[in-house]
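Data block below; observations after.
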């Protein structure tokens with residue numbers, strides 16, 4: 725069995741959690757690829773600028789010599805229930821998964837949710853991400869339903885030949 729080396733991660737050096745900044749765009753973009761999402765650095769800069777300008781959104785990064793994870797949550801007012809925070813993304817670098825970084829990021833976002841007056845945090849997870857499901861269950865989350873996700877790409881009215 726081949727051992728994966730984790731040269732930049734050390735249990736003795738603490739993880740620093742902080743609010744993301746535009747300077748983190750490249751690191752966040754690279755981490756997205758580990759989940760199968762292609763987001764260029766320029767796209768991430770645009771997305772991050774938009775998200776960071778909204779007080780109902782929060783993005784935290786975990787850093788130890790470099791950014792090794794991030795979490796993005798949005799405060800969401802609902803007509804059908806209490807206002808909650810929805811986790812819109814969570815990724816930890818595959819070289820340091822299982823070391824507690826995801827747990828720390830999740831706790832940080834949960835603490836922010838409480839400061840926002842929320843009593844619930846909700847997350848959707850792709851059916852193929854079995855490790856993520858087990859992680860959330862260990863963190864006290866429970867599956868409440870299964871859903872299908874639909875998407876429609878919108879085109880400007882003139883692009884359709886109108």
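Residue numbers (this note's numbering): 725 to 886. C-beta: ideal position from N, C-alpha, C; glycine also. If you're wondering where the values come from, they're calculated on a predicted model, not measured in any experiment.
**Study point:** Inter-residue spacing [alpha-carbon to alpha-carbon] between residue 850 and residue 861
**Key:** In this model, residue 850 and residue 861 are separated by some 14 Å (Cα to Cα).
**Study point:** Reduced DSSP category for residue 786 - H, G, I as helix; E, B as strand; rest coil
**Key:** Three-state result, residue 786: strand.
**Study point:** Same chain only: Cβ atoms within 7 Å of residue 805, ignoring 5 sequence neighbours per side
**Key:** Residues of the same chain with a CB within less than 7 Å of the CB of residue 805, apart from the 5 flanking positions on each side, do not exist.
Point to revise | Inter-residue CB distance, residue 793 and residue 785 (contact presumed, cutoff 8 Å) | key: A Cβ-Cβ distance of about 7 Å is found for the pair residue 793 and residue 785, placing them in contact under the 8 Å criterion.
Practice item. Over the uninterrupted beta strand (DSSP E) stretch that includes residue 765, give me the two end residues. Key: Element bounds for residue 765: not the beta strand (DSSP E) but the alpha helix (DSSP H), 765-776.
Exercise for review: Kindly give me the distance between the Cβ atoms of residue 744 and residue 769, rounded to whole angstroms, as I take these residues to be in contact under 8 Å.
Suggested key: Rounded, the Cβ-Cβ distance is 12 Å, inconsistent with contact.
Check your understanding: Cα separation between residue 825 and residue 881?
Key -> Separation of residue 825 and residue 881 (C-alpha to C-alpha, rounded to the nearest whole angstrom) is 45 Å.
Practice item. Would you mind sorting residue 837 into buried or exposed? The rule is 16 or more other CB atoms within 10 Å of its CB. Key: Around the Cβ of residue 837, a 10 Å sphere holds 16 or more other Cβ atoms; the residue is buried.
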